[in-house]
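In what follows, a single structure is set out as structure tokens and then discussed.
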Amino acid sequence: MRVLFIFLFITSLNLQANEDWFQYQEHTQTYNVDAINIHPSAFFKYLSFYTGIGIQYDQSISTPINFYGKNTSQQQLIQFLESEFSTLLTYKKNKNNENILTNIAILPKGQFQSDNMVMAIDPVQEAITAKSDNMPTIARPVYQTRLESMEEKIRDQVERLAEKRIESREYRKQKMERIAAEKQTLKQQRLAELAELKVSDPKLYERTKAIYFPQPKQDQ
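Taking this note's numbering, the leading residue of the sequence shown gets -3, the next gets one more, and so forth.
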């Protein structure tokens, strides 16, 4: 099968969101899924996120997915995919020499190759999720096995881009915090100045207050 490895910078779906149609139950290691007319891309993203399996799919797949399962095992979810689509499952050895399902390629039923494949989750964003300890516990060992089985060049690129994005986010966060702190300091300085003026020069106090803390104009 020929597949095209594409880094997708997905911003439309927050994988940390409280979407209640796809839930993982850690105590039973099963899933509750109530997918009603869910777009395949969303279904594949959540399945990938909560299993750690790297999922690639053909972009032409667009028919909404309907699936209901309570206390559903991962194997049952895979069987559902196999019943609806053409799939290619890839297994890799983990550190304990166990065969682990690490990747699934999904194509329209009856189709077995495509140059129109995309990743369900942006690999860089996935690496960031792993580094920030936001990845589900059940998904982490599978993800780690998959990461270690990547070509070194691709793995290094993913890790490098993830670090850069983390650093960029941290820089923006610190900058926003610094600006907020500076604004708060300035506000306190102005309040202290106004407190003195209120006693020493009430007229100047009113003028200065209007400059420092202007009131919004009311609609006529």
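Ideal placement from N, C-alpha and C gives every residue a C-beta, glycine not left out.
Taken in chain order, the complete alpha helix (DSSP H) segments of 4 residues or longer contained in the stretch 30 to 114 are 36 to 47 and 70 to 80. One thing to note: A116 has its Cβ no nearer than 7 Å to the Cβ of F18. Bounds of any alpha helix (DSSP H) do not take in Q211, whose DSSP letter is neither H nor E.
Rounded to whole angstroms, the separation of the alpha carbons of Q70 and L157 is 30 Å. Buried is the label assigned to P36, since at least 16 other Cβ atoms lie within 10 Å of its Cβ.
Going by C-alpha positions, T24 is about 8 Å away from N67.
Taking all protein chains in view, the Cβ of T181 is surrounded by fewer than 16 other Cβ atoms within 10 Å, so the residue is classified as exposed. For Q170, the three-state secondary structure derived from DSSP is helix. DSSP places Q21 inside the beta strand (DSSP E), whose first and last residues are F18 to Q21. Excluding its 5 nearest sequence neighbours in each direction, L190 has C-beta neighbours in its own chain below 8 Å: Y201, T204, K205 and Y208, listed in chain order. The shortest C-alpha to C-alpha distance from I102 to any of K169, E94 and V114 is the one to V114. The Cβ atoms of G50 and N130 do not sit closer than 7 Å to each other. Annotation: the continuous alpha helix (DSSP H) that includes I124 extends over P119 to K127. CA-to-CA, the gap between E178 and R161 works out to about 26 Å. Judged by pairs of C-beta atoms under 8 Å, the stretch 125 to 144 does not touch the stretch 71 to 83, as fewer than three such pairs exist.
The three-state reading of DSSP puts T24 in coil, since its state is none of H, G, I, E or B. Classified as buried, G48 has 16 or more neighbouring CB atoms from the shown chains inside 10 Å of its CB. For the pair T133 and Q109, the Cα-to-Cα distance works out to about 33 Å. Non-local C-beta neighbours of I34 in its own chain, meaning closer than 7 Å and more than five positions away in sequence, comprise W17, P60 and I61, ordered along the chain. In the three-state reduction of the DSSP assignment, P137 falls in the helix class.
Take the alpha-carbon of K105 and the one of S56: they are about 11 Å apart.
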